[in-house]
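Novice:
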Amino acid sequence: MNLIQRFVSLLFFVVFVVFLVIKGLKQDVQDIEVPSEEYARLSEDLKRLERLLALENKDLEDVRGKLEMLEKSRPNEVHKEGRGPWNKPIAVLIFTCNRADAVKVLIDKLQKARTSPEQFHLIVSQDCDDVSVKKAVEEFGSNVTYVKHTSPKQAHIKIPENQRRYRTYFYIARHYKLGLDYVFNERNYDSVIIVEDDLDISPDFFSYFSGTRWLLDDDPTLYCISAWNDNGKAQLIDMEAHDLLYRSDFFPGLGWMMTNNLWKELGPNWPAGFWDDWIRDPARRKDRQCIRPEISRTAMTDFGKKGASEGLFFNHYLKKIILNNKTVDFTQKDHSQLLSEAYLKSFVAKVYALPRISINDFLLLNEKGGAYRVEYFSMQEYTDHTRKIKVMGDTKAGVPRTAYRGIVTAFIRGKRLYLAPADRNFKGYDKDWEAPQDILDGS
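For the sequence shown, full-length UniProt numbering gives the first residue as 1, with consecutive numbering after it.
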């Protein structure tokens with residue numbers, strides 16, 4: 001007989017005995033005379049059974065507690081609250097200007113990767129007057145929605161004279177405003193995945209976003225899900241950690257998801273230019289974070305050579321980001337460990353429990369395996385460390401790329417490394433810090 005059966009049987013017996021005792025007491029004393037010895041015996045039996053019941057109940061609670069602990073220790077199982085794929089339609093907003101070949105390649109990949117046309121609606125937003133783009137999109141028929149906006153030249157948008165060399169960034173910011181207004185204000189989507197036409201996608205691109213979408217509703221300290229790892233070069237990541245996700249204070253962009261509620265907050269004050277740096281500003285970020293993967297779910301195609309930055313970082317940086325090639329069903333993963341309170345407690349405790357080592361000693365280690373913490377006392381020291389291990393050393397609004405509470409991680413020659421502030425009690429970022437010029441130049 002198992003524990004629950006024993007508990008039910010004992011409970012039934014106790015209730016029956018109590019019923020008999022109470023019934024006996026209510027009998028007219030003249031009709032039924034209960035000997036004092038019998039009454040005393042029944043009272044003792046009742047007390048004994050109550051004690052046994054209390055012990056059985058304690059055993060039952062112990063078993064329940066152990067079961068709960070076992071459930072929490074199974075991170076790769078379906079979330080126990082019934083999470084899984086997001087069940088509302090998600091818009092996939094593709095921004096394009098004049099690259100017909102690029103948008104055609106991307107749409108083809110998105111159509112092949114998506115599991116459901118009903119859940120993931122492809123919308124192409126164009127703000128240039130290149131008719132070849134429209135023709136390329138129309139080849140896909142009703143599977144894709146095409147939206148054309150007045151071009152920035154025809155709209156005669158105003159750009160400050162001292163910013164005119166950056167006019168492309170003003171065009172892009174305007175285009176984002178038009179595209180997101182369409183998705184959220186005209187079509188009333190709940191959420192959107194934003195991509196540009198020079199991106200490639202992984203086979204599990206849609207699973208990644210569908211499986212993590214609920215985090216944005218459940219955790220107000222998150223404001224985006226990004227497919228991009230800024231330090232996603234082959235020599236800086238664990239190529240086997242296909243399902244590893246992080247929280248990051250740094251907004252990555254380059255394939256990311258946001259909600260209608262965030263647009264209601266940001267849209268009315270959208271900037272005229274440099275929208276991504278504007279989002280990274282503390283006034284907009286508000287100490288919120290994004291989710292990002294160990295291995296990127298987007299990568300840059302060769303079409304990116306002729307992007308807004310004129311290929312400035314393409315060869316040195318963008319084209320070297322590795323695209324995940326193994327399918328992970330993120331809808332069947334438990335992502336509750338990424339929620340703010342749980343992540344803060346577990347991640348920080350893990351990092352500061354690791355062996356502390358100098359950056360030079362770490363680089364001298366030959367054996368694979370293990371994880372280490374290298375501390376820095378200032379941002380200058382941080383950038384010195386980044387030069388040695390070749391992670392991105394620049395910052396935006398004082399936040400290092402991929403950082404969480406100042407902690408930046410990399411996987412180098414088979415070992416996990418965490419660059420971490422010397423003070424475990426993180427005091428926040430210095431918004432005014434700027435990396436040295438050689439870091440900014442990517443040299």
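We treat Cβ as the ideally placed atom computed from N, Cα and C, and that holds for glycine. This one's a predicted model, so the numbers in the text were calculated from it and none came from an experiment.
#1: Once you ignore the five residues that flank Lys26 on each side, which residues in its own chain have a CB closer than 8 Å to its CB?
#2: What residue range does the beta strand (DSSP E) around Ala371 cover?
#3: Can you give me the Cβ contacts of Asp277 inside the same chain, cut-off strictly under 7 Å, excluding the 5 residues immediately before and after it?
#4: Please classify His335 as buried or exposed, where buried requires at least 16 neighbouring CB atoms within 10 angstroms.
#5: I'd like to check one pair, Pro282 with Lys415: are the Cβ atoms closer than 8 Å?
#6: Around the C-beta of Val131, are 16 or more other C-beta atoms found within 10 angstroms, so that it is buried, or is it exposed?
#7: Work out the CA separation of Pro355 and Trp263 for me, nearest whole Å.
#8: Going by C-alpha distance, which of Asn188, Asp438, Tyr317 is nearest Ala234?
#9: So, Arg174 versus Pro152, is the Cβ gap smaller than 8 Å?
#10: Please state the DSSP three-state secondary structure of His121.
#11: Please name the residue, chosen from Asp190, Phe274, Cys128, Phe250, that lies closest to Arg164 on a Cα-to-Cα basis.
#12: Taking the continuous alpha helix (DSSP H) assigned at Trp256, which residues delimit it?
#13: Quick check: the Cα distance between Phe411 and Asn231, rounded to an integer number of angstroms?
#14: Which runs of the beta strand (DSSP E) spanning at least 3 residues fall entirely within the region 178-235, listed in chain order?
#15: What do you reckon, are the CB atoms on Thr383 and Ala342 nearer than 8 Å?
#16: Could you tell me the alpha carbon to alpha carbon distance between Ile123 and Pro220, rounded to whole angstroms?
#17: Taking residue 463 and Gly370 to be in contact with their CB atoms under 8 Å, please state how far apart those CB atoms are, rounded to whole angstroms.
#18: Where does the unbroken alpha helix (DSSP H) through Phe362 begin, and where does it stop?
#19: Might you give, ordered along the chain, the residues of its own chain that have their beta carbon closer than 8 Å to the beta carbon of Ile322, omitting 5 neighbours on each side?
#20: Given Lys104, which residues of its chain have a CB within under 6 Å of its CB, disregarding the five upstream and five downstream residues?
#21: At 4 residues or longer, what runs of the alpha helix (DSSP H) sit wholly inside the region 88-166?
#22: Is it buried or exposed for Thr259, if we count other Cβ within 10 angstroms and need 16 for buried?
#23: If the criterion is Cβ atoms closer than 8 Å, does the pair Arg292 and Trp214 meet it?
#24: Just to confirm, is the Cβ distance from Thr301 to Ala102 under 8 Å?
#25: Between the C-alpha atoms of Thr212 and His385, what's the straight-line distance to the nearest angstrom?
#26: Beta carbon of Ile107, beta carbon of Val144: below 8 Å?
#27: Out of curiosity, what's the CA-to-CA distance linking Ile389 and Ala349?
#28: Does the beta-carbon of Leu419, which I'm using as the reference point, lie nearer than 7 Å to any heavy atom of the ligand NAD?
#29: Excluding five sequence neighbours on each side, which residues of the same chain lie with their C-beta closer than 8 Å to the C-beta of Met69?
#30: Using DSSP bridges, identify the partner residues of Lys415.
#31: Give the single residue among Leu244, Ser125, Leu178, Leu180 whose Cα lies nearest to the Cα of Phe330.
#32: Let me make sure I understand the geometry here. Which of Val133, Val374, Pro89, Gly253 has the alpha-carbon closest to that of Ser358?
#33: Answer with buried or exposed for Gln380, where buried requires no fewer than 16 other C-beta atoms within 10 angstroms of its C-beta.
#34: Note the first and the last residue of the continuous beta strand (DSSP E) segment covering Leu245.
#35: According to DSSP, is Arg280 helix, strand or coil?
#36: Among Phe303, Arg167, Arg405, Asn185, which one has its Cα closest to the Cα of Asp287?
Specialist: Considering the structure as presented:
#1: Legend: pLDDT at Lys26 = 49, less than 50; position of this residue unreliable, no value from coordinates given.
#2: Unbroken beta strand (DSSP E) run through Ala371: 371-376.
#3: Around Asp277: Lys396.
#4: Burial is judged here by how many other beta carbons sit within 10 angstroms of a residue's own beta carbon; His335 has at least 16 and is buried.
#5: Going by C-beta atoms, Lys415 is not nearer than 8 Å to Pro282.
#6: Label assigned to Val131: exposed.
#7: About 43 Å.
#8: For Ala234, the nearest C-alpha among the options comes from Tyr317.
#9: Contact flag set, yes.
#10: The answer is strand: DSSP assigns His121 an E or B state.
#11: The shortest C-alpha separation from Arg164 is found at Phe274.
#12: Not the alpha helix (DSSP H): Trp256 falls in the beta strand (DSSP E), residues 256-259.
#13: Those two C-alpha atoms are separated by around 10 Å.
#14: Counting whole runs of 3 or more residues, the region 178-235 contains the beta strand (DSSP E) stretches 191-196, 199-201, 222-226.
#15: Using a Cβ distance threshold of 8 Å, Thr383 and Ala342 do not count as a contacting pair.
#16: Spanning the two alpha carbons is a distance of roughly 27 Å.
#17: Residue 463 lies beyond the stretch modelled for the chain, which goes from 1 to 443, so this question has no answer here.
#18: That run of the alpha helix (DSSP H) goes 359-364.
#19: If we look at Ile322 and ignore the five residues flanking it on each side, its Cβ neighbours are Gly232, Lys233, Ala234, Ile237, Met239, Ile295, Ser296, Ala299.
#20: Result list for Lys104: Ala136, in chain order.
#21: Listed in chain order, they are 100-113, 131-138, 152-155.
#22: That one is buried.
#23: Annotated as distal: Arg292 and Trp214, with beta-carbon spacing of 8 Å or more.
#24: In this structure, the beta-carbon distance from Thr301 to Ala102 falls below 8 Å.
#25: Distance between the alpha carbons of Thr212 and His385: 32 Å.
#26: Yes; because the gap between Cβ atoms is below 8 Å, this pair is in contact.
#27: Those two C-alpha atoms are separated by around 24 Å.
#28: Absence of the ligand NAD from the depicted structure is noted, as is the absence of any ligand whatsoever, leaving it without description.
#29: With a pLDDT of only 49 at Met69, under the threshold of 50, the placement of this residue in the model should not be trusted; the figure read from the coordinates follows. Excluding residues up to 5 positions away in sequence, nothing lies with its Cβ nearer than 8 Å to the Cβ of Met69 in the same chain.
#30: Per DSSP, Ile412.
#31: That would be Leu244, whose Cα lies nearest to the Cα of Phe330.
#32: Checking every option, the nearest Cα to that of Ser358 belongs to Val374.
#33: Burial call: exposed.
#34: From DSSP, the beta strand (DSSP E) with Leu245 extends over 245-248.
#35: DSSP places Arg280 in helix when its eight states are reduced to three.
#36: Residue nearest to Asp287 within the set Phe303, Arg167, Arg405, Asn185 is Arg405 (criterion: CA-CA distance).
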